[in-house]
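First up is the structure itself, then whatever we jot down about it.
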Amino acid sequence: MLKVIRVILQLINVVIILTLLAIHFVIKEDSYRNSLFFYAFPLLIIISIILFLSIFLTKKWRRFNLIIASILLIIWLAGSFKIHLSEKINATDLEIVFWNASRDNDFEMAFKENEGIPDILILVESKENNLVELQQKYPDYFFYSSHEEIAIFSKTPLVIESKSSSKFNTTVINFKTGGINFYAVDVTGSQDVPRSWELGFVDASIKEKQNTIVLGDFNTPFESKYLKPIKQNFNHAFSEKGNGFRETWFWNIPLLSLDHIWVSKDLKILKASKISTFQSDHSMVKTVIKR
7 MLKVIRVILQ LINVVIILTL LAIHFVIKED SYRNSLFFYA FPLLIIISII LFLSIFLTKK
67 WRRFNLIIAS ILLIIWLAGS FKIHLSEKIN ATDLEIVFWN ASRDNDFEMA FKENEGIPDI
127 LILVESKENN LVELQQKYPD YFFYSSHEEI AIFSKTPLVI ESKSSSKFNT TVINFKTGGI
187 NFYAVDVTGS QDVPRSWELG FVDASIKEKQ NTIVLGDFNT PFESKYLKPI KQNFNHAFSE
247 KGNGFRETWF WNIPLLSLDH IWVSKDLKIL KASKISTFQS DHSMVKTVIK R
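According to the numbering used here, the sequence shown is numbered sequentially starting from 7.
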């Protein structure tokens, strides 16, 4: 009887591992339903599941699970963990920060978490900012807030060029400041809405491909095929110049890269970083662009 139970556990173990590997490496986002599984089981979760399953296995099969988990860990680290040397930064260069404020934080908290006031700061899901008080406190700076909970700060005058929202509440705000064109993006996090629709809406909203920065919460991991169009014209700031784990969610556990700063290929990225915080379930992301 014990032998039969062991065989059943081994079979379940193999089926679960093969299914998880197929979801992540083969099936991926070939349909809306499968994409939900792809997002739900990033490599770190798969590794954790495989290690957990090993508890119930014999020594021989436990070794098998540990080997698979080790290989996946190497693959994950190779894609996720970045090491770069930042270049010399001058006072004239542009510091840009983005943060999903998780509806509990405002500009003041963002300044505090960033340990300083950047040149440009974009918040999504920000709690209501009192722009009148902020303007009085920072009379030389510029603020903007939309009904869609996107808030923008700039040390130089900013011009809102356009604002558009999909019928599923994905919002893109195009603005200009500091001589650069920006698109602030907040993609809906609803699991009922296919990411292909919303990322298609974002792609259609990005009219400029030069001297442009696209940043926001895409609610889509870096590995998604739906980010391929933007990767053709923009560099991912953290992948190019960041240090540490690229993932920005969940509560400082590096599960998914949902928050991105994309820089057009004609602009030079000097530095990129991720600021871990317990003020939001999303990490803050920052880059410095040569100006």
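For every residue, glycine included, the Cβ atom is placed at its ideal position computed from N, Cα and C.
- Task: Could you name the residues that DSSP lists as bridge partners for methionine 290?
- Result: Ile281
- Query: When the Cα atoms are used, what is the spatial distance from valine 138 to phenylalanine 149?
  - Reply: 9 Å
- When burial is assigned at 16 or more other CB atoms within 10 Å of the CB, is histidine 153 buried or exposed? exposed
- Query: So what does DSSP say about isoleucine 219, is it helix, strand or coil?
  - Reply: strand
- Can you grab the Cα-Cα spacing for the pair asparagine 135 / serine 172, in whole Å? 24 Å
- Query: What is the residue span of the beta strand (DSSP E) that phenylalanine 240 lies within?
  - Reply: 240 to 242
- Buried or exposed (CB count within 10 angstroms, at least 16 for buried), tryptophan 257: exposed
- CA nearest to the CA of tryptophan 105, picked from Met290, Lys161, Lys118: Met290
- Roughly how far, in whole angstroms, is the beta-carbon of isoleucine 102 from the beta-carbon of isoleucine 219, given that I think they are within contact range, below 8 Å? 7 Å
- Task: Just grab the DSSP bridge partners of alanine 190 for me.
- Result: Ile179, Leu221
- Message: Here's the rule: buried if 16 or more other CB atoms are within 10 angstroms of the residue's CB, otherwise exposed. What is glutamate 204?
- Response: buried
- Please work out which residues of its chain come closer than 7 Å, Cβ to Cβ, to isoleucine 52, disregarding the five sequence neighbours upstream and downstream, and give them in chain order. Leu26, His30, Leu78
- Task: Could you tell me whether the Cβ atoms of leucine 57 and asparagine 71 are closer together than 8 Å?
- Result: yes
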